[in-house]
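Per numbering that gives the first Met the number 0, residue 0 is the first one in the sequence shown, and the count goes up by one each step.
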Amino acid sequence: MKKHVEKEEEKKEEVVVESEEQNDYVPAPEPEPEPIVYKDEPLKEIELERQSFFKTFRIHNTLKWVITVVCIVALIVGLIVIPNAIPDNENLKTALMLVICIVAVVGTFGYSAFCKRYINSKMRRYFNFYYRKTAEFAFDQEGFGEPVVQEPGKIDIDFFKETNLYKDIISVGSRGLTEFSYNGIPMRIVECAGNIKDGARERPVFVGKLLHCAGKYLGEQAIVVYFKGNDRALPPTNITELKIIEDNEKYIVYSNSPEVKKIINKDIKKIMNTIDMNEYLVDLAISMHDGKLFVCFGYDDPLMVLPLQNQFNPKPNEQYKKDLGSVIKLVEALNK
Numbered sequence: 000m001k002k003h004v005e006k007e008e009e010k011k012e013e014v015v016v017e018s019e020e021q022n023d024y025v026p027a028p029e030p031e032p033e034p035i036v037y038k039d040e041p042l043k044e045i046e047l048e049r050q051s052f053f054k055t056f057r058i059h060n061t062l063k064w065v066i067t068v069v070c071i072v073a074l075i076v077g078l079i080v081i082p083n084a085i086p087d088n089e090n091l092k093t094a095l096m097l098v099i100c101i102v103a104v105v106g107t108f109g110y111s112a113f114c115k116r117y118i119n120s121k122m123r124r125y126f127n128f129y130y131r132k133t134a135e136f137a138f139d140q141e142g143f144g145e146p147v148v149q150e151p152g153k154i155d156i157d158f159f160k161e162t163n164l165y166k167d168i169i170s171v172g173s174r175g176l177t178e179f180s181y182n183g184i185p186m187r188i189v190e191c192a193g194n195i196k197d198g199a200r201e202r203p204v205f206v207g208k209l210l211h212c213a214g215k216y217l218g219e220q221a222i223v224v225y226f227k228g229n230d231r232a233l234p235p236t237n238i239t240e241l242k243i244i245e246d247n248e249k250y251i252v253y254s255n256s257p258e259v260k261k262i263i264n265k266d267i268k269k270i271m272n273t274i275d276m277n278e279y280l281v282d283l284a285i286s287m288h289d290g291k292l293f294v295c296f297g298y299d300d301p302l303m304v305l306p307l308q309n310q311f312n313p314k315p316n317e318q319y320k321k322d323l324g325s326v327i328k329l330v331e332a333l334n335k
């Protein structure tokens, strides 16, 4: 009986030890992210400019808080310390309190206003530099003419509405308008967001790059080609009155025009089938009417949010360059 009990205890000990070994598992450390490498000089220059701007931003932001703290201390001295330090001389006490308080208030608000103007000026300079360098990089391809980035580089709401792709637009934010040519065809492209009213707030129905040029299709009835995107896509909202001419796994063609099959012919479809959505290009919409052609490249934050605090990642712009190179061939074909 004693031996039996000893064996049972040994088994229990073995089980406990085995359980402790299992619970002592330490997961393998996650691999460190690969360092960012800039293969092209314009993209490297963007990161250097970002570092310079962010350094300036941090210095002035720190100074703003230091000056605010100093001014608060000065107010405490003026309102609390001075009255107790000079109890008998009311005129001197009042004068010192007023001078200290005025200097503190003017110093706080004055430097804050100066800092805001200075940083905004530096930020505009950085943004303009960013768009010049990204254009220099993206348009460095065969067939593209020298890009010219406009400053401030904005479009108005009527220009965006001309796409006829999105309804109920109430405002448009834009920047980086760039004029260029491709094989002699004048074009322009701009970053923008089209917004609608959503309760008390505005909500974007398009975010990305908008390309525009003249087109050979002169009909009033719009021809729309929508390349299907991922779960972040924002499809056109002004196509409910258009007939679906073709719908496949890659794209949908909409139009009420009798010329649609002449415009979207076999040769055009071959080029259309070479265009693919990807990690950054979430969808793509093309609109043609009245001798105008618009292309809406749907992009998300990785490309649309300019880097400030975090290191500039060149991959979204590298992909944008590829997207532009493939889509521009379709735009050229639609102009022939």
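By construction, the Cβ of each residue, glycine as well, lies at the ideal position given by its N, Cα and C atoms.
Remember, predicted model here, so these are calculated numbers, not experimental data.
* To do: Kindly indicate which residue of 155, 254, 234, 236 has the alpha-carbon position closest to the one of residue 243.
  => By 1-based counting over the sequence shown, the position of residue 243 is 244. Comparing Cα positions, the closest option is 254.
* Which whole-angstrom value is the C-beta distance of residue 252 and residue 263, which I expect to be below 8 Å? -> Reading the sequence shown from its first residue, position 253 is the one you call residue 252. Reading the sequence shown from its first residue, position 264 is the one you call residue 263. Yes, they are in contact, since the Cβ atoms of residue 252 and residue 263 sit about 6 Å apart, within 8 Å.
* To do: Please specify which runs of the beta strand (DSSP E), each continuous and at least 3 residues long, are wholly inside the stretch 216-246, giving them in chain order.
  => 222-226, 243-246
* Taking residue 201 as part of the beta strand (DSSP E), name the residues at either end of that continuous run. => For the purposes of this step, residue 201 is identified with residue 202 of the sequence shown, where counting begins at 1. That run of the beta strand (DSSP E) goes 200-213.
* Asked: What three-state label does DSSP hand residue 109 in the structure shown?
  -> Locating residue 109 in the sequence shown gives position 110, where the first residue counts as 1. Looking at residue 109 - three-state DSSP - the assignment turns out to be helix.
* Closest by CA to residue 187, which one among 204, 218, 146? -> Translated into the one-based positions of the sequence shown, residue 187 becomes position 188. Minimum Cα distance to residue 187 is reached at 146.
* Please look up how many angstroms separate the CB atoms of residue 270 and residue 328, rounded, as I've assumed it's under 8 Å. => On the sequence shown, position 271 is the one that residue 270 refers to. On the sequence shown, position 329 is the one that residue 328 refers to. With 8 Å as the limit, residue 270 and residue 328 qualify as a contact, their Cβ atoms being about 6 Å apart.
* Residues in its own chain within less than 8 Å of residue 140 by CB, not counting five upstream and five downstream? -> The residue given as residue 140 occupies position 141 in the sequence shown. Cβ neighbours of residue 140 beyond the five flanking positions: 320, 323, 324.
* residue 158 lies in the alpha helix (DSSP H); which residues open and close that run? -> As a first step, residue 158 must be located in the sequence shown, where it is residue number 159. Unbroken alpha helix (DSSP H) run through residue 158: 156-160.
* Asked: From residue 185 to residue 297, what distance separates their C-alpha atoms?
  -> To locate residue 185, count along the sequence shown from 1; it is residue 186. To locate residue 297, count along the sequence shown from 1; it is residue 298. About 22 Å.
* To do: Put residue 293 into one of helix, strand or coil per three-state DSSP.
  => Along the sequence shown, one-based indexing puts residue 293 at 294. Of the three classes helix, strand and coil, the one that applies to residue 293 here is strand, per DSSP.
* Tell me, please, which residues DSSP counts as bridged to residue 273. => By 1-based counting over the sequence shown, the position of residue 273 is 274. The partner list for residue 273 (beta bridge, DSSP) is empty, contrary to what the question assumes.
* Looking only at C-alpha atoms, which of 208, 51, 216 sits nearest to residue 281? -> Stepping through the sequence shown from its first residue, residue 281 is reached at position 282. When each option's Cα is compared against that of residue 281, the closest is 208.
* Asked: Assuming residue 204 and residue 193 make a contact with CB atoms under 8 Å, what is their CB distance in whole Å?
  -> Walking along the sequence shown from the start, residue 204 turns up at place 205. Walking along the sequence shown from the start, residue 193 turns up at place 194. At roughly 6 Å, the Cβ-Cβ gap stays under 8 Å, so residue 204 and residue 193 are in contact.
* To do: Locate the beta strand (DSSP E) running through residue 194, then write down its first and last residues.
  => Residue numbering aside, residue 194 sits at position 195 when the sequence shown is read from its first letter. Residues 184-197.
* Limits of the alpha helix (DSSP H) - the one that residue 178 falls within -> Within the sequence shown, residue 178 is the residue found at index 179, counting from 1. Careful: residue 178 lies outside any alpha helix (DSSP H), inside the beta strand (DSSP E) at 168-181.
* Asked: Going by DSSP, what residues sit across from residue 143 in a beta bridge?
  -> Counting from one through the sequence shown, the residue named residue 143 turns up at place 144. Residue 143 is bridged to 181.
* Nearest residue (CA-CA) to residue 102, options 120, 66, 240 -> On the sequence shown, position 103 is the one that residue 102 refers to. It is 66.
* First and last residue of the alpha helix (DSSP H) that includes residue 325? -> Taking the first residue of the sequence shown as position 1, residue 325 is located at position 326. For residue 325, the uninterrupted alpha helix (DSSP H) segment begins and ends at 314-333.
* Would you give the residue range spanned by the alpha helix (DSSP H) that residue 299 belongs to? => On the sequence shown, position 300 is the one that residue 299 refers to. No alpha helix (DSSP H) holds residue 299; DSSP gives it neither H nor E.
* **Chain-order list of residues whose beta-carbon lies under 6 Å from that of residue 144 (same chain, five-residue window excluded)** => Here the question's residue 144 lines up with position 145 in the sequence shown. Here residue 144 has 179, 180 as same chain residues with Cβ atoms under 6 Å from its own Cβ, once five neighbours each way along the sequence are excluded.
* **Inter-stretch contact (C-beta, 8 Å, three-pair minimum) for the stretch 98-112 and the stretch 124-142** => no
* To do: Below 7 Å CB to CB, which residues in the same chain sit around residue 142 once its five sequence neighbours on both sides are set aside?
  => Taking the sequence shown and counting its residues from 1, one reaches residue 142 at position 143. Cβ within range, chain order: 181, 182.
* Quick one: measure Cβ to Cβ for residue 126 and residue 174, integer angstroms, because I've assumed they're closer than 8 Å. => Along the sequence shown, one-based indexing puts residue 126 at 127. Along the sequence shown, one-based indexing puts residue 174 at 175. Contact between residue 126 and residue 174 holds: their C-beta atoms lie close to 7 Å from each other, under 8 Å.
* Pull up the distance between the alpha-carbon of residue 234 and that of residue 176, whole angstroms please. => As a first step, residue 234 must be located in the sequence shown, where it is residue number 235. As a first step, residue 176 must be located in the sequence shown, where it is residue number 177. Using only the alpha carbons, I get a separation of about 23 Å.
* Asked: What is the DSSP secondary structure of residue 123, counted as helix, strand or coil?
  -> Locating residue 123 in the sequence shown gives position 124, where the first residue counts as 1. DSSP places residue 123 in helix when its eight states are reduced to three.
* To do: Label residue 313 either buried or exposed according to how many other C-beta atoms from any shown protein chain fall within 10 Å of its C-beta, with 16 as the threshold for buried.
  => Position 314 of the sequence shown, counted from the start, is the residue given in the question as residue 313. Classification of residue 313: buried, given that the 10 Å Cβ count is 16 or more.
* Could you round the C-beta distance between residue 330 and residue 283 to whole angstroms and report it? I think they count as a contact, below 8 Å. => As a working mapping, residue 330 is identified with position 331 in the sequence shown. As a working mapping, residue 283 is identified with position 284 in the sequence shown. Not a contact, Cβ separation roughly 11 Å.
* Burial state of residue 9, where buried means 16 or more other Cβ atoms lie within 10 Å -> On the sequence shown, residue 9 is found 10 positions in, with the first residue counted as 1. Bear in mind that a pLDDT of 49 at residue 9, under 50, signals an unreliable position, so the model cannot answer this.
* Please determine, among 128, 302, 260, the residue with the shortest C-alpha to C-alpha distance to residue 224. => In the sequence shown, the residue the question calls residue 224 occupies position 225. If we check each option's Cα against that of residue 224, 260 comes out closest.
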